[in-house]
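Below is one structure, written out as structure tokens; comments come after it.
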Amino acid sequence: MRKLFFILISLALAGCSIFPALQKSKYIGVRNLIDTKKYDEAKMIIEGMVEDEQFALWPRTWFYRGLLAQTAYRDGIATNDQRKTSLYTDQLYVAFSSFEQMLELDPSVQNENRLKPRYIMLANDFQQLGKRYFDSGEMEGALKAFEHAIEIIGRPFMEMEPDTNLIYNAGLAAYQSEDWEKTVTYLDMLQEYNYSPNVAHLLYHARIEKGDATAAKKKLKKGIRKYEENESLVLLLVDFYVHRQEMDSAFLVLERAISDDPSNASYHYAKGLIKQQQGNYIEAILSYFEAVEHDPDHLTAYINIATCYYNIGAEIEEESRKLTDSEMVRQKRRESEAALDSAVLWLDKAYEKKPEEQALLMKMYQLYTMLRIPDKARSLERAIY
Numbered sequence: 007m008r009k010l011f012f013i014l015i016s017l018a019l020a021g022c023s024i025f026p027a028l029q030k031s032k033y034i035g036v037r038n039l040i041d042t043k044k045y046d047e048a049k050m051i052i053e054g055m056v057e058d059e060q061f062a063l064w065p066r067t068w069f070y071r072g073l074l075a076q077t078a079y080r081d082g083i084a085t086n087d088q089r090k091t092s093l094y095t096d097q098l099y100v101a102f103s104s105f106e107q108m109l110e111l112d113p114s115v116q117n118e119n120r121l122k123p124r125y126i127m128l129a130n131d132f133q134q135l136g137k138r139y140f141d142s143g144e145m146e147g148a149l150k151a152f153e154h155a156i157e158i159i160g161r162p163f164m165e166m167e168p169d170t171n172l173i174y175n176a177g178l179a180a181y182q183s184e185d186w187e188k189t190v191t192y193l194d195m196l197q198e199y200n201y202s203p204n205v206a207h208l209l210y211h212a213r214i215e216k217g218d219a220t221a222a223k224k225k226l227k228k229g230i231r232k233y234e235e236n237e238s239l240v241l242l243l244v245d246f247y248v249h250r251q252e253m254d255s256a257f258l259v260l261e262r263a264i265s266d267d268p269s270n271a272s273y274h275y276a277k278g279l280i281k282q283q284q285g286n287y288i289e290a291i292l293s294y295f296e297a298v299e300h301d302p303d304h305l306t307a308y309i310n311i312a313t314c315y316y317n318i319g320a321e322i323e324e325e326s327r328k329l330t331d332s333e334m335v336r337q338k339r340r341e342s343e344a345a346l347d348s349a350v351l352w353l354d355k356a357y358e359k360k361p362e363e364q365a366l367l368m369k370m371y372q373l374y375t376m377l378r379i380p381d382k383a384r385s386l387e388r389a390i391y
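Laid out in structure tokens, this is it:
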């Protein structure tokens, strides 16, 4: 009986020593297959180990699965071999989830250090994958890839600084995907880095889409302060107020901007445009004069000056029809003709610059037609397509 008990103990101990030896030989075999680029054979073995209850509990099983997926993917990208990059569906994500499973089973510093170089490569691979998706217009795929790269870089044991370009790309992909929550999440991360005025621009639109106009306005004002009165942000804030019929606030923003940068034609033009929309044609013309003084090639300002003069002339003509005094009628008509002559003068200035933009050509054609100048109207009509 004692002899039988001894035999059973011996067999049990032998079994305990056999499994680690078998385990080690399998891992060596998988590693050799990966090193010799026999990826399909390596996959058969490693997937069998993943399905085995005992092997699946060993962190090294998941490490080698991740190593296989990552190595084959990088090899396939380098050699443009799609068979290698499609060894698994969503191969990079298989590599990432496998490494994560390894850490879940054994979150030791040793394993973290072992994965560091793998994670650095994986973060780069996800960035490149995201860029390919982005360039092909697949924004959801781009966002997912960028997010994984951000997650990897953000791990404490990686000890890496945030990649602002990567964060911006994630925010931009989220914006293009109309995922406003994630747009705000990622672009808000860049606020402290003075990354780009476009961050404030995108955050403004994302907040508007979320229905939070107050937060949108705050983002713009913060961006204007941060980026030293950036022109695009100033004009966006003006547009914000105009759309809400808060004209006093819009003019206040423009007056401050003009005070800081008096030679900026865009600010004078924006002021003129609002005045024109309000029907204050004389004030609009004065602002447009400032715009063309600082930017002689601002064709839209020329055309708008002509439009304002035309409207003034038309209004005076309409007033004259209500008068009964002949002398007053003649006086009004002279004023109307003078305004229309000024309209022609400024329209001709735009015409002489030979504009090519279709919207401008169409507007000029309409004005010449209304001013009864058929030769130039026909000339422009031939250029419109």
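By my numbering, the letter at position 208 of the sequence shown is numbered 214, and the numbering carries on one by one without gaps. Even glycine gets a Cβ: it sits at the ideal position worked out from N, Cα and C. In this text the structure is predicted, and so the values were computed from the model without any measurement.
Buried versus exposed call for residue i [16 or more other C-beta atoms within 10 Å across all chains shown]
| i | result |
| --- | --- |
| Q372 | exposed |
| E299 | exposed |
| Q60 | exposed |
| T313 | buried |
| R66 | buried |
| K43 | exposed |
| T306 | buried |
| T189 | buried |
| K328 | exposed |
| V240 | buried |
| I52 | buried |
| A276 | buried |
| I311 | buried |
CA nearest to the CA of residue i, picked from the options
| i | options | result |
| --- | --- | --- |
| M376 | Y308, Y139, Y315, F295 | Y315 |
| N130 | D112, E106, Y33, F102 | F102 |
| T77 | Y125, D58, E198, E59 | Y125 |
| T220 | V205, R250, N270, L241 | R250 |
| L121 | E165, G143, Y79 | E165 |
| P113 | P162, R231, K369 | P162 |
| I159 | P123, K382, Y374 | P123 |
| N200 | T170, Q284, T189 | T170 |
| G285 | K359, E321, F257, H274 | E321 |
| P361 | S332, A349, H304 | H304 |
| F69 | T85, E110, R89, Q88 | E110 |
| L74 | L128, R384, R37 | R37 |
| Y391 | Q364, D381, P380 | Q364 |
| I280 | P302, D301, D245, F295 | D245 |
| F295 | F140, K224, S348 | S348 |
| S392 | I311, D41, R231, A84 | Past the boundaries of the shown model lies residue 392; the chain is included only from 7 to 391, so the question cannot be answered. |
| E252 | K223, P268, P168, Y275 | K223 |
| A356 | A344, D331, S332, K382 | K382 |
| L353 | Y374, E118, A276 | Y374 |
Anticipated Cβ contact below 8 Å, residue i with residue j, distance rounded
| i | j | result |
| --- | --- | --- |
| A48 | V56 | Not really, about 12 Å apart at Cβ, beyond 8 Å. |
| G319 | S342 | 5 Å |
| S238 | Y247 | Not a contact, Cβ separation roughly 16 Å. |
| A179 | G136 | 7 Å |
| S183 | M145 | 4 Å |
| A458 | Q282 | Since the first and last residues shown for the chain are 7 and 391, residue 458 lies out of range. |
Own chain residues within Cβ distance below 7 Å of residue i, not counting five before or after
| i | result |
| --- | --- |
| E153 | A176 |
| L242 | H207, Y210, L226 |
| Y287 | C314, N317, I318 |
| L196 | T170, I173, Y174, V205 |
| G54 | none |
| I40 | A48, L73, L74, T77 |
| A389 | L367 |
| E325 | K338 |
| N117 | P65, M108, L109 |
Residue i and residue j closer than 9 Å at C-beta
| i | j | result |
| --- | --- | --- |
| L98 | D46 | no |
| A297 | G278 | yes |
| T95 | G82 | no |
| Y174 | L149 | no |
| M127 | R80 | yes |
| V335 | I379 | no |
| Y6 | L258 | No answer is possible for residue 6: it lies beyond the span of the chain, which begins at 7 and ends at 391. |
| E323 | K338 | yes |
| L367 | L346 | no |
| G143 | M108 | no |
Neighbourhood of residue i by C-beta distance below 6 Å, restricted to the same chain and skipping five residues each side
| i | result |
| --- | --- |
| W186 | A212, E215, K216 |
| K5 | Outside the displayed range of the chain (7 to 391) lies residue 5, so it cannot be described from this structure. |
| D266 | E235 |
| P268 | none |
| F25 | In this prediction, F25 has a pLDDT of 49, which is less than 50 and means its spatial position is unreliable; what the coordinates show is noted afterwards. Here the set comprises nothing. |
Contacting residues, own chain, Cβ-Cβ under 8 Å from residue i (five flanking each side not counted)
| i | result |
| --- | --- |
| L172 | Q133, F152, A155, I156, I159 |
| G35 | I51 |
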